[in-house]
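Enquirer:
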Amino acid sequence: MGKIMLTGDRPTGRLHVGHYVGSLKRRVELQNTGEFDDIFIMIADAQALTDNADNPEKVRQNIIEVALDYLACGLDPEKSTLFIQSQIPELCELSFYYMNLVTVSRLQRNPTVKSEIQMRNFEASIPVGFFTYPISQAADITAFKATTVPVGEDQLPMLEQTKEIVRKFNSIYGDTLVEPDILLPENSACLRLPGIDGKAKMSKSLNNCIYLSEEPDEIKQKVFSMFTDPTHIKVTDPGKLEGNTVFTYLDAFCRPEYFAEFLPDYANLDELKAHYQRGGLGDMKVKRFLNNVLQAELEPIRNRRKEYQKDIPYVYEILKKGSEKAEQVAAETLRDVKEAMKINYF
Ligand code: ATP
Ligand code: MG
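Residue numbering for the sequence shown follows our numbering, beginning at 2 and increasing consecutively.
1) At which residues does the alpha helix (DSSP H) containing residue 10 begin and terminate?
2) With respect to 7 angstroms, is the separation between the Cβ of residue 156 and the closest non-hydrogen atom of the ligand ATP below this value?
3) Should the stretch 110-124 be regarded as contacting the stretch 306-320, the criterion being three or more beta carbon pairs within less than 8 angstroms?
4) Could you tell me which residues DSSP puts in a beta bridge with residue 39?
5) Suppose the cutoff is 8 angstroms on Cβ atoms and the five residues either side in sequence are ignored; what does the same chain contact list for residue 29 look like?
6) Less than 7 angstroms between the CB of residue 227 and some heavy atom of the ligand ATP, yes or no?
7) For residue 159, collect the residues of the same chain with a Cβ closer than 7 angstroms to its Cβ; drop the 5 residues on either side in sequence, then sort them by chain order.
8) In the DSSP assignment, what are the bridge partners of residue 212?
9) Taking only three categories from DSSP, how would you classify residue 287?
10) Quick check on this structure: which residue in 245, 181 and 185 has the alpha carbon closest to the alpha carbon of residue 198?
11) Would you check whether the ligand ATP has a heavy atom nearer than 7 angstroms to the C-beta of residue 324?
12) Return the CA-CA distance between residue 61 and residue 95, expressed in angstroms with no decimal places.
13) Hey, could you find the ends of the beta strand (DSSP E) residue 270 is sitting in?
14) Under 8 angstroms: do the stretch 330-342 and the stretch 169-182 share three or more Cβ pairs, one atom per stretch?
15) Kindly examine the ligand ATP and report whether one of its heavy atoms sits closer than 7 angstroms to the Cβ of residue 55.
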């Protein structure tokens, strides 16, 4: 059996560097190795509506923003199918049948759902659609018979839930669905990149992001406002790395060649960290280095984004073609599912 990748993002805002290191960069690398028979990249607008029902315009407008971010990062429509979730009605039908395989208490125990309910102050009034989104995510993944789902750590409980649905379906109705594997970032700093406030994970909903489309002066300003070690006051003070966002970002973004280019006094990140811990290295110097690193990483992405931005109808055309292809594949899976369930009466 071949390898099939599925992953995606909610169009609730432009994509940020957390998405990039958590999932996007890996997708592009895997796309370019050619090891996948098929790659599906979904803009999850229907899922975004589960907690933005009163703001459909925000979701609508961000579809193109996310698509531009994809293309800017190097997702290639010749190699990857980029599509819009709501254009694939088969996904709803699959969700409808999967709902019977999951209990309310199992959904309540899903740790990501729990923390997202808290974050959105939904405790007393959870929209049913939001509560059940892990089931619709299982439909998204299984519709494309995905074997591999490259995502950040917050998605682990979703993948667990999907696997359970697959096992339950296959055990009742016979082998039909494919069990997917999660592919987490190898670099632990990228599993859940913190926001520039150093608190929670970087998230569109928390206003603590550096966006992929950010202009150079905005990047600089955000880097210089970053949280470091509050006890590292004088340059001579020893500094802590733990919880120090600037070093977490260096772990996530720094490449060895950046030392020769921007900070030739140090051979590598370990030397820089050791100096900081000993004392004698100021926050400003480290922030200046991180700024250079991020500018170097983001400049080509921003420039490519501006090119695609000049031809928005072309970007919609890519999404239309991708959605058409995605629907054909999802329709095949739905046929298999209904056949397995013996509800193909005519
Ligand atoms: P929202 O606040 O609307 O949920 P989000 O910023 O959490 O937005 P999603 O669209 O939910 O973004 O996530 C898309 C993908 O990016 C998922 O694979 C998720 O694991 C990954 N991701 C999001 N934020 C981070 C982060 N800070 N670090 C690593 N990966 C992340
Ligand atoms: Mg999220």
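Here a beta-carbon is modelled for each residue, glycine too, at the ideal position from N, C-alpha and C. Predicted, not measured: the structure shown is a model, and the values here were computed from it.
Expert: So, from the listed chains and residues:
1) Sequence index remark: in the sequence shown, residue 10 carries index 9 (1-based). Segment 5-10 is the beta strand (DSSP E) holding residue 10; no alpha helix (DSSP H) there.
2) As a first step, residue 156 is located in the sequence shown; it is residue number 155 there, counting from the start. Checking every heavy atom of the ligand ATP against the Cβ of residue 156, one is found closer than 7 angstroms.
3) no
4) Numbered from its first residue, the sequence shown carries residue 39 at position 38. 5.
5) Reading the sequence shown from its first residue, position 28 is the one you call residue 29. Excluding sequence neighbours, residue 29 sits near 74, 75 and 76.
6) Counting from 1 along the sequence shown, the entry for residue 227 is found at position 226. The answer is no for residue 227.
7) Taking the sequence shown and counting its residues from 1, the one referred to as residue 159 is at position 158. Excluding sequence neighbours, residue 159 sits near 113, 135 and 138.
8) In the sequence shown, counting from the first residue as 1, residue 212 sits at position 211. DSSP lists 17 as partners of residue 212.
9) Here residue 287 refers to the residue found at position 286 of the sequence shown. Residue state, collapsed to three classes: helix.
10) Within the sequence shown, numbered from 1, the residue matching residue 198 stands at position 197. Taking only the C-alpha atoms, the option nearest residue 198 is 245.
11) Taking the first residue of the sequence shown as 1, we reach residue 324 at position 323. Outside the cutoff, so no.
12) Against the sequence shown, residue 61 aligns to sequence position 60. Against the sequence shown, residue 95 aligns to sequence position 94. Computed Cα separation, rounded: 24 angstroms.
13) Taking the sequence shown and counting its residues from 1, one reaches residue 270 at position 269. Residue 270 -> not in any beta strand (DSSP E); alpha helix (DSSP H) instead, spanning 270-279.
14) yes
15) The sequence position of residue 55 within the sequence shown is 54, counting from 1. Outside the cutoff, so no.
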